[in-house]
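Under the UniProt record's numbering, the first residue of the sequence shown is numbered 1, with each subsequent residue one higher.
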Amino acid sequence: MLGAGSWGTALATVLARNGHDVRLWSRRPDQAQRINDTGENADYLPDVTLPRGITATADLGQALDGAEAVLMVTPSATLRPMCQAIAPVLPEGIPIALACKGVERRTGYLLSEVVAEELPGHVVGAVNGPTFARETALDHPTAATVAFPFSYSDRLNPETSPAARLALSLSGGGFRAYVSDDLVGVEVGGAVKNVIAIACGMMSGAGFAENTRAALITRGIDEMKQLAQALGGRRETVTGLSGAGDLTLTCSSTTSRNMSLGYQLGQGIPRPSCFEGRPVVVEGEVNAVSVTDLAKRINVPMPICETVQAILHEGADLQEAFTALWARPIEAEPQTMQMSLEHPSPDLPLQFGASDQ
Ligand SMILES: NC(=O)C1=CN([C@@H]2O[C@H](COP(=O)(O)OP(=O)(O)OC[C@H]3O[C@@H](n4cnc5c(N)ncnc54)[C@H](OP(=O)(O)O)[C@@H]3O)[C@@H](O)[C@H]2O)C=CC1
Ligand SMILES: O=C(CO)COP(=O)(O)O
1 MLGAGSWGTA LATVLARNGH DVRLWSRRPD QAQRINDTGE NADYLPDVTL
51 PRGITATADL GQALDGAEAV LMVTPSATLR PMCQAIAPVL PEGIPIALAC
101 KGVERRTGYL LSEVVAEELP GHVVGAVNGP TFARETALDH PTAATVAFPF
151 SYSDRLNPET SPAARLALSL SGGGFRAYVS DDLVGVEVGG AVKNVIAIAC
201 GMMSGAGFAE NTRAALITRG IDEMKQLAQA LGGRRETVTG LSGAGDLTLT
251 CSSTTSRNMS LGYQLGQGIP RPSCFEGRPV VVEGEVNAVS VTDLAKRINV
301 PMPICETVQA ILHEGADLQE AFTALWARPI EAEPQTMQMS LEHPSPDLPL
351 QFGASDQ
């Protein structure tokens, strides 16, 4: 498990509870030592007792020595350098599963494409779903999807596929894994939901409530579907755990760092003061840029993501940007027919400040 943050530690907990030996890599030797000494990752999951079977280490060679599979769980922006760092010590041919969520900013690659470029000769997949780390570590009933592209031999003997093997390794107690062969669809869901969650947070923080949230979730799913399809994934995958499931979770509470960032910004808190100035991993903030750049490059309209990107990175005014989002031309749902009717009152502002809360 490469990454001893909240999600890496939670996934290590799931695997170790199921009887697997897990090497948990931290970039900080002192943290690895503390985890081994105390049986707890106090930095990220305080008061969660880690099961036997987890050994923390800050040595990549030690972490990967004899490994049967590797899960990569550091923030998406660190993925390429992590791949480069492990290349010399990675056991030949072992499957690599991504548990981080995003699109690479410079290239617009899905994270699996980054791994494929840096570490050829390894089958690459992803584990995604509605999974807050702490609840997962505490063994709350939780479900996620394990996606790898299926080969012909996998179809003949599905139990030997990397997706099935990892799903079986993860499943047990509260954790239940599903298997998918649509890696693109699963990755798109995970990357886009964080951006939409920021939008939900912004509108909740600005005083709007359930109608607005439901609209953003539903239209957010539509943006995911369009991007997934354009990249060769399947629209229906997005209605599963890694798309609609994770979006529902992340847009439902400020336990989500993405929702929480949006909420604070919606309340008018300046970015540097959000999270009381602490550095927090908010994937949707970086990925608002990478997702919208990618979508523009391949002509996929993603108006909610574009709105978030404009507010976060181009200095757009939150109220004006959401007013413009709501006053776009009237479209068909679902888009089985091409329709775009001029909005009758595009300049009428949304009622910020008049919310019934
Ligand atoms: N938390 C959750 O509930 C879930 C998170 N995810 C995804 O998992 C990924 C990781 O997030 P999460 O674990 O929550 O984040 P955390 O902030 O909890 O942990 C981040 C981890 O990555 C390490 N790290 C940060 N920068 C680097 C770097 N440059 N090189 C190597 N390691 C680095 C941190 O080390 P250090 O402590 O030294 O800073 C820490 O161990 C994200 O993509 C997130 O979207 C997916 C599902 C659920
Ligand atoms: O991805 C997550 C749950 O599935 C965690 O969401 P946040 O990164 O917004 O906290």
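C-beta atoms are modelled at their ideal positions from N, C-alpha and C, and glycine is treated no differently. None of these values were measured; they are calculated from a predicted model.
ask   = Relative to the C-alpha of Thr336, which residue among Ile298, Gln226, Gly277 and Leu318 is closest?
value = Gln226
Distance, Gly8 Cα to Val281 Cα = 13 Å
message = Is the beta carbon of Ala69 closer than 7 Å to that of residue 366?
response = Nothing about residue 366 can be read from this structure; the chain reaches only from 1 to 357.
Reference Gly108, options Ile304, Leu294 and Ile298, closest by Cα = Leu294
key: Complete runs of the alpha helix (DSSP H) confined to the stretch 164-251 [at least 4 residues]   = Here the runs fully enclosed are 183-205, 210-230 and 246-250.
message = Under 8 Å, with one C-beta from each stretch per pair, do the stretch 182-190 and the stretch 258-275 reach the 3-pair mark?
response = no
message = List, from N- to C-terminal side, the beta strand (DSSP E) runs of 3 residues or more that fit wholly inside the stretch 48-95.
response = Complete beta strand (DSSP E) runs here, min 3: 54-57 and 70-72.
ask   = Does DSSP put Arg23 in a helix, a strand or coil?
value = Here Arg23 sits in strand by DSSP.
Contact between the stretch 150-166 and the stretch 209-219 (3+ Cβ pairs under 8 Å) = The stretch 150-166 vs the stretch 209-219: no contact.
task = Would you mind sorting Ser256 into buried or exposed? The rule is 16 or more other CB atoms within 10 Å of its CB.
result = Burial call: buried.
query = Taking the alpha-carbon positions, what's the Asn287 to Leu110 distance?
reply = 11 Å
key: Nearest residue (CA-CA) to Tyr102, options Ala87, Ala126 and Pro88   = Residue identity check: residue 102 is Gly in the sequence provided, not Tyr. It is Ala126 whose Cα lies nearest to the Cα of Gly102.
ask   = In terms of residues, what are the limits of the beta strand (DSSP E) holding Asn287?
value = No beta strand (DSSP E) holds Asn287; the alpha helix (DSSP H) holding it covers Glu283 to Arg297.
message = Using 8 Å as the cut-off, can you tell me whether the stretch 302-317 makes contact with the stretch 239-258, which would need three or more C-beta pairs spanning the two stretches below that distance?
response = Too few Cβ pairs lie closer than 8 Å, so no.
request  = Note down the Cα distance separating Pro344 from Arg328, rounded to an integer number of angstroms.
outcome  = 10 Å
key: Sub-7 Å separation of Thr145 and Tyr178 beta-carbons   = In contact: Thr145 and Tyr178 (Cβ atoms closer than 7 Å).
request  = Report whether the distance from the Cβ of Val281 to the nearest heavy atom of ligand 1 is below 6 Å.
outcome  = yes
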